[in-house]
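A.B. asks:
In our numbering, the protein residues as written are 2 to 256.
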């Protein structure tokens with residue numbers, strides 16, 4: 002596995018609804034603020050003719066514009082921000098919870114391995130499917146890049162910073178889950194790189210989960226891979242980081 006790839010809103014709506022109904026009612030009855038008053042009666046010599054006035058007849062069809070919502074009824078960016086702030090705050094909390102869970106779980110399992118097993122020891126769990134096999138990995142998956150450990154340290158640090166910079170756009174629960182797992186996994190292995198032997202920023206990652214015909218990995222690797230799978234599925238479904246969904250037709254129009 003590649004372990005290193007690793008409200009006020011309600012009052013606003015009530016006010017807007019009231020203004021909306023008030024102006025629409027005024028437009029329909031001619032008694033609203035700023036609307037024309039009653040139509041004067043025709044002179045006796047013109048009993049059947051309408052007066053020469055700019056005021057519209059009560060029987061006249063109202064123009065299409067009158068049916069449109071007034072400017073006061075249009076949602077504003079400020080109102081939308083008021084509605085989205087509580088949800089975004091909840092998503093931040095969930096993101097942090099997922100990240101902390103992945104990180105703490107990873108570090109606790111590594112602590113257990115390093116204190117109860119010796120390097121190279123292999124313990125059957127569900128043989129032949131699952132074994133605990135304690136090794137220290139200085140490179141990436143399949144021991145690739147064993148002599149450039151510092152490169153992976155920089156990469157994981159950059160990934161962690163990049164994730165944090167994207168949080169201001171967060172608007173989806175699934176993206177909160179994916180980014181939380183990704184950050185937790187990246188920080189889990191980054192901790193090993195920074196503080197484990199043989200030296201600072203050159204530490205070897207503790208791996209211990211062994212499956213048949215597969216690379217040995219750890220909980221941080223599992224979190225990172227799970228996050229990547231979720232991100233791929235969200236991308237395929239057209240769900241962006243802010244929670245909006247882009248259909249194929251919309252993409253075609255943009256192109």
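All C-beta atoms, glycine included, are put in the ideal place defined by N, C-alpha and C.
With a 10 Å radius around its C-beta and 16 neighbouring C-beta atoms as the bar for buried, classify residue 209 as buried or exposed.
C.D. replies: With 16 or more Cβ atoms within 10 Å of its Cβ, residue 209 is classed as buried.
A.B. asks: In angstroms, rounded to a whole number, what distance separates the CA positions of residue 169 and residue 89?
C.D. replies: One C-alpha to the other measures close to 9 Å.
A.B. asks: Which residues mark the beginning and the end of the beta strand (DSSP E) in which residue 126 is found?
C.D. replies: Looking at the DSSP string, the run of the beta strand (DSSP E) that includes residue 126 is 123-127.
A.B. asks: Give the C-beta separation of residue 227 and residue 182 to the nearest angstrom, bearing in mind that I take them to be a contact with Cβ-Cβ under 8 Å.
C.D. replies: The pair is a contact, with the Cβ atoms about 5 Å apart (cut-off 8 Å).
A.B. asks: Okay, do the region 103-118 and the region 190-207 touch, 3+ Cβ pairs below 8 Å being the bar?
C.D. replies: Flag = yes, the region 103-118 and the region 190-207 touch.
A.B. asks: Please report the distance separating the alpha-carbon of residue 93 from that of residue 229.
C.D. replies: Approximately 19 Å between the Cα atoms of the pair.
A.B. asks: Classify residue 243 as helix, strand or coil using the three-state DSSP reduction.
C.D. replies: Residue 243: coil per DSSP, three-state reduction.
A.B. asks: In the structure shown, what three-state DSSP assignment does residue 149 receive?
C.D. replies: Coil.
A.B. asks: Would residue 185 and residue 104 qualify as a contact pair, given that the criterion is a beta-carbon distance under 8 Å?
C.D. replies: In contact: residue 185 and residue 104 (Cβ atoms closer than 8 Å).
A.B. asks: Which of the three DSSP states, helix, strand or coil, is assigned to residue 232?
C.D. replies: The answer is helix: DSSP assigns residue 232 an H, G or I state.
A.B. asks: DSSP on residue 201, reduced to helix/strand/coil?
C.D. replies: Coil.
A.B. asks: When the Cα atoms are used, what is the spatial distance from residue 2 to residue 87?
C.D. replies: Because residue 2 sits at a pLDDT of 44, beneath the cut-off of 50, its placement in the model cannot be relied upon, and the following sentence gives the value as read from the coordinates. Distance between the alpha carbons of residue 2 and residue 87: 37 Å.
A.B. asks: Grab me the residues of residue 123's own chain with a C-beta within less than 6 Å of its C-beta, minus the 5 sequence neighbours each way, in chain order.
C.D. replies: Excluding sequence neighbours, residue 123 sits near 132 and 134.
A.B. asks: Cα separation between residue 35 and residue 245?
C.D. replies: Residue confidence is low: residue 35 scores 43 on pLDDT, short of 50, so the model does not pin down where it sits. Its coordinate-derived value is still stated next. Roughly 40 Å separates the two Cα atoms.
A.B. asks: Take residue 121 and list the residues in its own chain whose beta-carbon comes closer than 6 Å to its own, dropping the five residues that flank it on each side.
C.D. replies: Contacts found: none.
A.B. asks: Using the Cβ count rule (16 or more neighbours within 10 Å means buried), how would you classify residue 119?
C.D. replies: Exposed is the call here.
A.B. asks: Got a sec? Which residues, its chain only, sit under 7 Å from residue 115 by beta carbon, not counting five neighbours each side?
C.D. replies: Excluding sequence neighbours, residue 115 sits near 207.
A.B. asks: Drop a sphere of 10 angstroms on the beta-carbon of residue 211, count the other beta-carbons inside from all chains shown, and report buried for 16 or more, exposed for fewer.
C.D. replies: Residue 211 should be labelled buried.
A.B. asks: Based on Cα-Cα distance, which residue from 97, 242 and 101 lies nearest to residue 175?
C.D. replies: If we check each option's Cα against that of residue 175, 242 comes out closest.
A.B. asks: Looking at the strands, I want to know which residues DSSP matches up with residue 196.
C.D. replies: Answer is none; residue 196 lacks a bridge partner.
A.B. asks: Looking at the secondary structure, which residues open and close the beta strand (DSSP E) in which residue 214 lies?
C.D. replies: Per DSSP, residue 214 belongs to no beta strand (DSSP E) and is neither H nor E.
A.B. asks: What's the C-alpha gap between residue 128 and residue 215?
C.D. replies: Going by the C-alpha atoms only, they are around 14 Å apart.
A.B. asks: Quick check: what's the CA-CA separation for residue 171 versus residue 126?
C.D. replies: Going from the Cα of residue 171 to the Cα of residue 126 covers about 39 Å.
A.B. asks: In whole angstroms, what separates the C-alpha of residue 24 from that of residue 91?
C.D. replies: Note on residue 24: pLDDT 38, under 50, position unreliable in the model; no value is reported.
A.B. asks: Could you check whether residue 187 and residue 223 sit closer than 8 Å to each other, using their CB atoms as the reference points?
C.D. replies: No.
A.B. asks: Can you give me the Cβ contacts of residue 106 inside the same chain, cut-off strictly under 7 Å, excluding the 5 residues immediately before and after it?
C.D. replies: So the list reads 220, once near-sequence residues are dropped.
A.B. asks: Buried or exposed for residue 236, please, with buried defined as at least 16 other CB atoms from any protein chain shown within 10 angstroms of its CB.
C.D. replies: Classification of residue 236: exposed, given that the 10 Å Cβ count is below 16.
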